[in-house]
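Asks: Sharing a structure here in structure tokens format.
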Amino acid sequence: MKKMMSWIYLLVLLAVSSGVKAACDAVGSFTINPGSITVQRDMAVGQPITDWLYSNSGVAYQNCNYDGQLQYNIENGVKSYNGRSSGLSYNGEAVFDTALPGVGFIVEGRTQKESQGWTPWAGIGAGKTQAPILYSTHNKGDRIAFSDQMRIRLIKTGNIKTGALGGNIGYFYAGIRQTSSWNTEKLVSFSGGQITSVACSVSTNPVNVPLGEHNKREFSGAGTGTGWQTFNIGLNCDQNARINVRIDATADSDAGVPGIIKLDSDPANASGVGVQLWYRNENSPVQFGQDRYYWTSSTGGNEIIQLQARYYQTTQGITAGKANATATFTLTYK
């Protein structure tokens, strides 16, 4: 009786031993360093901050074997455990959080089996946390190596705080899904990177432009005007701030040309005239309600937006009176 029990126990041990799972050796080290990146403060949420940023490529798994099976399929892919607090997607791919507020990323990976060509890039879709890249079939006795590479694209997810990038990005994985025979995941992390959010502050606000008193005889018909009065909007800018200007005003419909402001409503107003607003740096009229790229502050510090204004005759007849007009300047950095 004792011998039989020993023999049964031995059979159980043998059965367990025959089911031991082989695996791949997880090797290599993978990082991404975005370097120094300047972000315009007012760029739109959901837009890319960078082009693609690449990790090093190299062998991530080697000596892959599952000799307990005559034939098996290995799945390779990428995943990320980072949060997705913004709920955003970009081009159908999930946007994951970095440790820096306002900065997220999409992630893609590719795989190379032995000396075969690289697979196409595969991204993690919206609402998902991983993406399979390659399924490959192998036989008992095979010893396979896989190389991997990751790329990310930084995405604006909210108000960006200037600071350093760090922490984990994602992982490469490999294994057999049907039997949950997964190998050690290979981490990809930031090895550096600095995000700087740039903008300007307005040093002259509000801007008052006295156009003076003028005689009707200074005008010679519709389309003529008084002499120009130049003025500037002073700014103090971060280096590489990209200055965009939008000027909003009520256009004078009698003028028939852009850039003429209708006089403020007042019973004592003059008639037949408006105020013409002009960009001095480009020698062109202001287009109301349109964002216009103006200048990039390459060195930072003091900058000026150069403008000029004058009275402009809009109809054949002019009556004397007050002639005040108002415009609103909006500066954005994107």
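Residues -22 to -1, 1 to 312 in mature numbering (1 follows the signal peptide of the UniProt record, and there is no 0) are what the sequence shown spells out, letter by letter.
Think of the CB as a built atom: it goes at the ideal place given N, C-alpha and C, for glycine as much as any other residue.
On the criterion of 16 or more Cβ atoms from any shown chain inside 10 Å, does L48 qualify as buried, or is it exposed?
Replies: exposed
Asks: I need the DSSP call for K300, collapsed to helix, strand or coil.
Replies: strand
Asks: Closest to G105 by CA distance: which of W206, I154, G65 is it?
Replies: G65
Asks: Considering only residues of the same chain and omitting the five flanking positions on each side of Y50, which have a CB-CB separation below 7 Å?
Replies: Y44, H116, I154
Asks: Which residue's Cα is closest to the Cα of F307: N214, L165, G278, N183?
Replies: N183
Asks: Helix, strand or coil for R131? Go by DSSP, reduced to three states.
Replies: strand
Asks: Using DSSP with H/G/I as helix, E/B as strand and the rest coil, what is R288?
Replies: strand
Asks: Check this for me: beta carbons of G103 and G70, under 8 Å apart or not?
Replies: yes
Asks: Reducing DSSP to helix, strand and coil, say where Y311 ends up.
Replies: strand
Asks: Going by DSSP in three states, R224 sits in which element: helix, strand or coil?
Replies: In this structure, R224 counts as strand in the three-state DSSP scheme.
Asks: Could you check where the beta strand (DSSP E) with T208 kicks off and where it finishes?
Replies: 207 to 215
Asks: Just to confirm my understanding: we take residue 317, look at its own chain, exclude 5 residues before and 5 after, and list those with CB closer than 6 Å. What are they?
Replies: For the chain, the structure presents residues -22 to 312; residue 317 sits outside this window and is missing.
Asks: Taking 8 Å as the threshold (C-beta atoms), are C2 and A152 in contact?
Replies: Between A152 and C2, the gap from beta carbon to beta carbon is short of 8 Å.
Asks: I think I130 touches I84, with their Cβ atoms under 8 Å apart; what is that distance to the nearest whole Å?
Replies: 7 Å
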